[in-house]
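What follows is a set of notes on a single structure, which appears directly below.
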Amino acid sequence: MKRVSVDIGGTFTDCFLVWNERRAEGKALTTHHNLASGFMAALEDACGQLGLEVEQVLSEVDAVRYATTLGTNALIERKGPRVGLLTTSGFEFSVPLMRARGYGDGLSDAQQQDLPAATRPVPIVPRAMIEGIDERIDFRGDVVFTVDPENVRTAVRRLVDRGAQAFVVALVNSVVNPAHEKQVERIILEEYPSHLLGAIPIVLSHRVAGRKGEYARTMSAILDAYLHDQMYHGLASLERVLRRHGYRRPMLVVHNSGGMAQMSSTHSLQTVHSGPVAGLEATQSLSVQFNEPNLIATDMGGTSFDIGLVTGDGVKFYDFNPVIDRWLVSTPMSYLHTLGAGGGSIARFDRLWNAVEVGPESAGSDPGPACYGRGGRFPTTTDANLILGYLDENNYAGGRIKLNRRRAERAIREHICEPTGLDLEGAALAMRRKVDANMADAIFKEVAVKGYDPRQFTLLSYGGGGPLHACGYAGKIGISR
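Below is the structure:
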């Protein structure tokens, strides 16, 4: 068996190479400007450990499997195209109104306790980019009003004049009868064929999320269109690089529902959080191999901490209406709870509560923690671990990254020691204990709310920082294995 599996995270890109009976792990910093660079650097690292050439591996390998946070990053940074929405006349305000309570979606527990202070997220599709068209299908799927082609053309022209770079067609009751959505798609292609606008994506809501619930289905289609450009160019450029190096088989993309498919069969929305879901699927396999029926999967990376459960009673947890960023969607995903706690989580002193807080803000890989020496000025979990001796400054990431202890000391002294009066080691210990407590509280809540006792579970810890903190957060909730 010969396989290459790559996970591109917010800070590091990790590669696991299986070459018959031999194994190798490669690691490189994630290159957000060009994901292929970090991908190939991690692959070259793994190949070098086995004395293999990249071209030899890619020409003989059975499959390249790929998980990514590219979609997540695009949403966070709001780096998507300008999307135009065509909906049934009279429903133009469904998305802006967010069901009147949608501004609470995606908020932390603390923020939800103070909803009057919550703000609505910046809309992906502003009201000016939403056009209603005259048509109607009832709840049985019967046509009440047929589509007026000229009305559709007028609406599409308005959106194009306002700068639309992608179209979403989300009509009422289209999951029962999608005929009108398909007709609108044909009209758009007739009006603006590919040689005029290029390969502009047209996303039909019934294809992305074939379930009832107008708001969630429409948002699913909007997010899919919004991520399409980033995913297409990111994955297509990566596939081109692989082809140039001799890879001839399809590239498999991990889905957030737990499966995999070729890039051509993958909706952009299906790739969001696919990396952590791949870890949860691996936990399920290990549960069987080691006869451990109850496992808590914890993945501590550079940016986030993900929690999932594998239980002996055969229950598999799915989120059928997940919230992605601040948006409710109706595309089912394997259930994971994500916390802003990782190696790059930034520590600060909260003067209101007179306490050290860590996260959810992250330094990522660029500039990264202060000890990376890449311009980071704020103290992070990694800086604290270096000061406390948990990390070897000369052997970090296999010696590929030299850590700068003086920069870590300077950041912790300036932002934590001075306002708290703690010495250097005391401040670093306070940071480490705080992030451990945050993760322990999140684990206990996730397990208990599903009706289980955390003490009856075995903890599986992975990710770049997981094993480094496993004893810290496991001990706080009574997990001994």
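The numbering used here puts the first residue of the sequence shown at -16, with every later residue one more than the last. Ideal Cβ positions, reconstructed from N, Cα and C, are used throughout, including at glycine.
For residue i, the residue or residues it bridges with in DSSP
i      : result
S(-15) : Looking at the sequence provided, one finds Lys at residue -15 rather than Ser. Answer is W2.
R331   : E340
A7     : L0
S317   : Y301
F150   : G67, I185
R48    : S(-12), L235
G291   : A280
Y445   : D282
F467   : Absent from the model: residue 467. The displayed extent of the chain is -16 to 464, so no value can be given.
I307   : W310
S345   : S328
A244   : V236
F(-5)  : L12
Among the options, nearest to residue i - alpha-carbon criterion
i      : options                : result
E264   : M283, F300, G285       : F300
A367   : E401, A330, N377       : A330
R465   : D419, F(-5), V44       : In this structure the chain extends from -16 to 464, so residue 465 is not present and cannot be described.
P106   : A420, D308, A453       : D308
S270   : M414, L442, R61        : L442
Y198   : Q253, N304, T129, G146 : N304
I170   : R140, H320, G196       : R140
P233   : P176, G241, S240, S247 : S247
G115   : G229, D419, E164, A83  : E164
D(-10) : A453, H398, P259       : P259
S220   : C454, L18, A391        : L18
T70    : G89, V130, L33         : V130
Y175   : F150, G446, L187       : F150
G446   : I460, G351, Q439, D282 : D282
N277   : A453, L12, F440        : F440
A280   : I399, G242, L187, F427 : F427
K417   : P184, E275, A338, E36  : A338
G455   : D406, D419, S328       : D419
G284   : V312, A453, R190, R226 : A453
S463   : A101, K62, R438, H16   : R438
G196   : V126, R61, L311, N3    : L311
M414   : H15, I399, F273, A46   : I399
CB-CB length for residue i against residue j, believed under 8 Å
i      : j    : result
L369   : R388 : 6 Å
K10    : G381 : 7 Å
L68    : V108 : 5 Å
D349   : R357 : 7 Å
I113   : V167 : The Cβ separation is near 14 Å, so there is no contact.
A50    : V224 : A50 to V224, Cβ: 17 Å. No contact.
S465   : A192 : Since the displayed the chain opens at -16 and closes at 464, residue 465 lies outside it and no answer follows.
D207   : H250 : 5 Å
A244   : L235 : 7 Å
T472   : G448 : Given that the chain is displayed from residue -16 to residue 464, the structure contains no residue 472 and the question cannot be resolved.
S(-12) : R65  : That pair is no contact at about 35 Å.
CB contact check: residue i to chain B, cutoff 8 Å
i    : result
P161 : No chain B appears in this structure, which consists of one protein chain only.
Is the region 149 to 160 touching the region 60 to 79, taking contact as three or more C-beta pairs under 8 Å? Yes, since at least three Cβ pairs between the region 149 to 160 and the region 60 to 79 fall closer than 8 Å, the two stretches touch.
For the region 342 to 349 against the region 423 to 433, do three or more pairs of beta-carbon atoms, one drawn from each stretch, fall closer than 8 Å, so that the two count as touching? Not touching, per the Cβ criterion.
Please confirm if the region 247 to 265 is in contact with the region 289 to 297, defined as three or more CB-CB distances below 8 Å between the two stretches. A contact exists between the region 247 to 265 and the region 289 to 297.
Counting pairs of Cβ atoms below 8 Å between the region 119 to 128 and the region 154 to 174, do you hit three or more? Counting Cβ pairs under 8 Å, three or more are found: they touch.
If you pair each beta-carbon of the region 94 to 106 with each one of the region 201 to 218, do three or more pairs fall below 8 Å? The count of Cβ pairs closer than 8 Å, one atom from the region 94 to 106 and one from the region 201 to 218, stays below three, leaving the stretches out of contact.
Pick out the complete beta strand (DSSP E) segments inside the region 78 to 139, 3 residues or longer, and give them in chain order. Positions of the beta strand (DSSP E) runs, each at least 3 residues long and wholly inside the region 78 to 139, are given as 113 to 116, 126 to 128 in order along the chain.
For the structure I just gave you, are there three or more beta carbon pairs, one from the region -13 to 1 and one from the region 21 to 36, closer than 8 Å? Contact between the region -13 to 1 and the region 21 to 36 is present: 3 or more CB-CB pairs across the two stretches fall below 8 Å.
Extract the residue ranges of the beta strand (DSSP E) inside the region 358 to 446, only unbroken runs of 3 or more that lie entirely within it. Here the runs fully enclosed are 441 to 445.
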